[in-house]
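In what follows, a single structure is set out as structure tokens and then discussed.
In the numbering used here, the protein residues as written are 111 to 180.
Encoded structure:
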């Protein structure tokens with residue numbers, strides 16, 4: 111006895127489905143990137159500012175409270 115299969119799809123519909131699946135995957139990746147890049151950019155800016163202040167030696171001229179925070 112054969113197992114019942116899902117609804118039969120014509121070959122042309124299979125190509126359209128594959129195309130739409132790829133389009134949905136690309137859209138999901140773009141949305142993930144759109145959500146992630148602000149967080150990544152903010153993190154990199156904070157890290158770069160910390161490194162710039164450290165490299166310039168500005169922590170030495172800051173009051174102790176600012177040194178503890180930084």
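Don't be surprised by glycine CBs; every beta carbon is placed ideally from N, CA and C.
If you draw a straight line from the alpha carbon of residue 170 to that of residue 157, how long is it in whole angstroms?
Walking along the chain shown from the start, residue 170 turns up at place 60. Walking along the chain shown from the start, residue 157 turns up at place 47. Going by the C-alpha atoms only, they are around 18 Å apart.
Please go through the same chain and pick out, in chain order, the residues whose beta-carbon is closer than 6 Å to the beta-carbon of residue 165, but skip the five residues on each side of it.
As a working mapping, residue 165 is identified with position 55 in the chain shown. Contacts found: none.
What would DSSP say about residue 172, mapped onto helix, strand or coil?
Residue mapping note: residue 172 aligns to position 62 of the chain shown, counting from 1. Correct three-state label for residue 172: coil.
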